[in-house]
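First the structure, in the form of structure tokens, and then the observations on it.
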Amino acid sequence: MTVRLTINGAERRVESPPDTPLLYVLRDEVGLNGAKYGCGLGQCGACTVQLDGRPVFSCLLPVGALEGRQVRTVEGLGTAASPSILQRAFEEEQAAQCGYCIAGMIMRAQALLDRVPDPDEAAIRAHMQANLCRCGTHMRILRAVRRAATAMRSTVSRGTAP
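If you want it as structure tokens, here you go:
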């Protein structure tokens, strides 16, 4: 089955059985390896991407149900040479230990910051609770999200794009 998706702003046609999880399509067909296979049950968040601006577990989404949808992965935020504000905040707070969960954490956090530019601590915690970090860097992750929110607000107030 051919499915038309927009992935990180580029239209893509993927050829997969309709019940193939989006995660497998992203990794195996498109070559985007940021989203990780963690549990396959939508319980850990390592596979989190954005679908039409909302964080979703890509391991649970059959590609056949996604025709015409907008998918954003961590690769669509920035690069190693030019990281996004949020990616830079994760680096500065040393939020990654093993790094396995980080792409999913970043995608979930970005979805929050895109909707709520000044989230309070409770909002950040509630939003991020769906993603797990087995290394226990949760406090650093929360600091990174707060740092990014502050930097994004500062960038907007100066009139420069994030």
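In this text, residue positions in the sequence shown follow my numbering: the first is 8, and each later residue adds one.
Cβ atoms here follow ideal geometry from the backbone N, Cα and C, with glycine treated the same way.
{"Query": "From this set, Thr144, Asn138 and Ala151, which residue's C-alpha is nearest Leu120's C-alpha?", "Result": "Ala151"}
{"Query": "Taking just the CA atoms, how far does Ala158 sit from Asp125?", "Result": "11 angstroms"}
{"Query": "Just verifying my parser: in three-state terms, what is the DSSP assignment at Ala116?", "Result": "helix"}
{"Query": "Please classify Pro28 as buried or exposed, where buried requires at least 16 other C-beta atoms within 10 Å of its C-beta.", "Result": "buried"}
{"Query": "Hey, Met114 and Thr55 are a contact pair by Cβ (cut 8 angstroms); roughly how many whole angstroms apart?", "Result": "5 angstroms"}
{"Query": "Report the three-state DSSP secondary structure of Gln94 (helix, strand or coil).", "Result": "helix"}
{"Query": "Starting from Arg61, trace the alpha helix (DSSP H) in both directions and tell me its first and last residue.", "Result": "Not the alpha helix (DSSP H): Arg61 falls in the beta strand (DSSP E), residues Arg61 to Phe64."}
{"Query": "Once DSSP output is grouped into helix, strand and coil, what is the label at Ala158?", "Result": "helix"}
{"Query": "Taking only the alpha-carbon atoms, compute the straight-line gap between Ile131 and Leu149 and give it to the nearest angstrom.", "Result": "7 angstroms"}
{"Query": "With a threshold of 6 angstroms on Cβ separation, who are the neighbours of Ala102 within its own chain once the five nearest residues in sequence on each side are excluded?", "Result": "Thr144, Arg147, Ile148 and Ala151"}
{"Query": "Taking Ala17 as part of the beta strand (DSSP E), name the residues at either end of that continuous run.", "Result": "Ala17 to Glu22"}
{"Query": "Evaluate Thr9 with the Cβ neighbour count: other Cβ atoms within 10 Å of its Cβ, from every protein chain shown; 16 or more gives buried, anything less gives exposed.", "Result": "exposed"}
{"Query": "If you compare alpha carbons, which of Gln57, Ser23, Arg34 and Arg122 is closest to Ala156?", "Result": "Arg122"}
{"Query": "Taking DSSP as the reference, what is the three-state secondary structure of Leu30?", "Result": "helix"}
{"Query": "When DSSP labels each residue in this structure, what does Leu149 get in the three-state scheme?", "Result": "helix"}
{"Query": "Which residue wins for smallest C-alpha separation from Glu22, given the options Leu30, Arg11, Gly16 and Asn15?", "Result": "Arg11"}
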